[in-house]
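K.L.:
Residue 1 is where the sequence shown starts when you use my numbering, and the numbers rise one by one after that. One structure is given below, represented as structure tokens, and several questions about it will come after.
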Amino acid sequence: MSAQEKFPSSSVKSAFIERKEQEFIKKINAFSSRHRTYQVFRDFIALSARMISNQMVYFSQELEDEYLQTIKSYAKVEANLFAELYALVFSVLAQGNFTDFLGNCYMKLELGNDKHGQFFTPFHICQLLTMVSAGNDLTETLNNSPQKFIALSEPCCGAGAMIIAFAENMMNNHIDISQHLYVQGTDIDPMVAEMCYIQCTLLGIPAHIHIGDSLALQISRTYATPVLRCYNWMSRLNAHFETGLIKPDSPDPITISPALDKAKVVKPIAKSEQIFLF
Numbered sequence: 001m002s003a004q005e006k007f008p009s010s011s012v013k014s015a016f017i018e019r020k021e022q023e024f025i026k027k028i029n030a031f032s033s034r035h036r037t038y039q040v041f042r043d044f045i046a047l048s049a050r051m052i053s054n055q056m057v058y059f060s061q062e063l064e065d066e067y068l069q070t071i072k073s074y075a076k077v078e079a080n081l082f083a084e085l086y087a088l089v090f091s092v093l094a095q096g097n098f099t100d101f102l103g104n105c106y107m108k109l110e111l112g113n114d115k116h117g118q119f120f121t122p123f124h125i126c127q128l129l130t131m132v133s134a135g136n137d138l139t140e141t142l143n144n145s146p147q148k149f150i151a152l153s154e155p156c157c158g159a160g161a162m163i164i165a166f167a168e169n170m171m172n173n174h175i176d177i178s179q180h181l182y183v184q185g186t187d188i189d190p191m192v193a194e195m196c197y198i199q200c201t202l203l204g205i206p207a208h209i210h211i212g213d214s215l216a217l218q219i220s221r222t223y224a225t226p227v228l229r230c231y232n233w234m235s236r237l238n239a240h241f242e243t244g245l246i247k248p249d250s251p252d253p254i255t256i257s258p259a260l261d262k263a264k265v266v267k268p269i270a271k272s273e274q275i276f277l278f
């Protein structure tokens, strides 16, 4: 089998992603007779993020209660559609297609307007920006890191397009992101932070995604991607950072999900060998 037959061309991948986006949009619009499109999209994101965190990382009764409160607004057939939507996202991202799938669908649904205040940068622009900022060869940066990972901070992460583009750049440099990339992303909008969390999870990016205000250094909730349970990540992070972000004496330090009314201040992480973009 030739390399061309084994690995789909970029045009084939683009056509595949475009087809999946259209399927996603069609299923979202299937709710339109009873629900507003924006509400359906927002609820899908909320349900998916809570499902991932509770089933794959650490069970939180608070997240479970929020999940049940959200899903009860929908009929059983509609609840099944949410599962089909998640399967579509999974079919794209979990296969290693680096793209801002949820951000693209959000914009194609014409939800990015002045009322909601969210506009996502096209992914090809993010790819260009990460290459200009970080360069094409990240191997030297990785080799200079004592803990053998690159730390990326995104204080206004949106749906994660910049993070995804940076992870793709690392993969193009033949660097395993699940072992050698750590991300902290923050956004003040819960929905877009959860979009970022879902996409980082399915792409296998080790990350803590915060809902909070980067300027005020206030965090109301933190999600951890499941891959942080692997590759001795927690010990490596505790050895690398000196901010107390991860508590070694906690029974399960993987995730922190404080109630929204118990926002806390956390210190930003910084070390000279880290690479911080944007």
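All residues carry an ideal CB built from backbone N, CA and C; glycine is no exception.
1) Just to confirm the assignment: which complete alpha helix (DSSP H) runs, minimum length 4, are found wholly within the region 92-131?
2) Within its chain, find whatever has a CB closer than 6 Å to the CB of PHE44; leave out the 5 residues flanking it on each side and keep chain order.
3) Can you tell me the Cα-Cα spacing of ILE256 and ARG236, whole angstroms?
4) Taking the straight line between their C-alpha atoms, what separation do you get for ARG19 and GLY103?
5) To the nearest angstrom, report how far apart TYR38 and ASN232 are at their CA atoms.
6) Cα separation between LEU93 and ILE219?
7) Do you know whose CA, among TYR106, LEU203 and ALA193, lies nearest LEU181's CA?
8) Only counting the same chain, and skipping five residues up and downstream in sequence, which positions put a Cβ closer than 6 Å to that of ASP249?
9) Just verifying my parser: in three-state terms, what is the DSSP assignment at ILE175?
10) What number of angstroms, rounded off, separates the C-alpha of THR141 from the C-alpha of ILE150?
11) Tell me the DSSP secondary structure of LEU181 in three-state form.
12) What residue range does the beta strand (DSSP E) around LYS222 cover?
13) In this structure, what does DSSP give as the bridge partners for ASP187?
14) Should THR99 be listed as close to the ligand GTP, given that the test is whether its C-beta is under 8 Å from any heavy atom?
15) Look at the alpha carbon of THR130 and the alpha carbon of SER48, and state the distance between them as a whole number of angstroms.
16) Run through the region 1-70 for me and flag every whole alpha helix (DSSP H) of 4 or more residues, listed as ranges in chain order.
17) Quick one: using the 10 Å Cβ neighbour count with 16 as the cut-off for buried, is PRO122 buried or exposed?
P.N.:
On the basis of the coordinates in this document:
1) 101-108
2) Residue 44 sits at position 44 when you count from the first residue of the sequence shown. Here the set comprises PHE82 and LEU85.
3) Looking up residue 256 in the sequence shown gives position 256. Looking up residue 236 in the sequence shown gives position 236. Residue placement at ILE256 cannot be trusted, given a pLDDT of 33 that sits under 50; what the coordinates show is reported in the next sentence. Rounded to the nearest angstrom, the two C-alpha atoms are 18 Å apart.
4) Start at 1 with the first residue of the sequence shown, and residue 19 comes out as number 19. Start at 1 with the first residue of the sequence shown, and residue 103 comes out as number 103. Straight-line measurement puts the Cα of GLY103 at about 15 Å from the Cα of ARG19.
5) Translated into positions along the sequence shown, residue 38 becomes position 38. Translated into positions along the sequence shown, residue 232 becomes position 232. It is roughly 39 Å from the alpha-carbon of TYR38 to the alpha-carbon of ASN232.
6) Along the sequence shown, read from residue 1 onward, the residue named residue 93 stands at position 93. Along the sequence shown, read from residue 1 onward, the residue named residue 219 stands at position 219. Approximately 27 Å, taken between the alpha carbons.
7) Here the question's residue 181 lines up with position 181 in the sequence shown. The shortest C-alpha separation from LEU181 is found at LEU203.
8) Within the sequence shown, numbered from 1, the residue matching residue 249 stands at position 249. Any answer about ASP249 is weak, because its pLDDT of 37 lies below 50 and its placement is not dependable; what the coordinates show is given next. Excluding residues within five positions, none has a Cβ falling inside 6 Å.
9) Position 175 of the sequence shown, counted from the start, is the residue given in the question as residue 175. The answer is coil: DSSP assigns ILE175 none of H, G, I, E or B.
10) If you number the sequence shown from 1, residue 141 lands on position 141. If you number the sequence shown from 1, residue 150 lands on position 150. So the alpha carbons of these two residues sit roughly 7 Å apart.
11) Counting from 1 along the sequence shown, the entry for residue 181 is found at position 181. Of the three classes helix, strand and coil, the one that applies to LEU181 here is strand, per DSSP.
12) For the purposes of this step, residue 222 is taken as residue 222 along the sequence shown, with counting starting at 1. Per the sequence shown, the amino acid found at residue 222 is Thr instead of Lys. Where THR222 is concerned, the enclosing beta strand (DSSP E) stretches over 218-224.
13) Here residue 187 refers to the residue found at position 187 of the sequence shown. The partner list for ASP187 (beta bridge, DSSP) reads ILE211.
14) In terms of ligand content, the structure shown is empty, and the ligand GTP therefore cannot be addressed.
15) In the sequence shown, the residue the question calls residue 130 occupies position 130. In the sequence shown, the residue the question calls residue 48 occupies position 48. So the alpha carbons of these two residues sit roughly 28 Å apart.
16) 3-6, 10-29 and 37-52
17) For the purposes of this step, residue 122 is taken as residue 122 along the sequence shown, with counting starting at 1. Taking all protein chains in view, the Cβ of PRO122 is surrounded by fewer than 16 other Cβ atoms within 10 Å, so the residue is classified as exposed.
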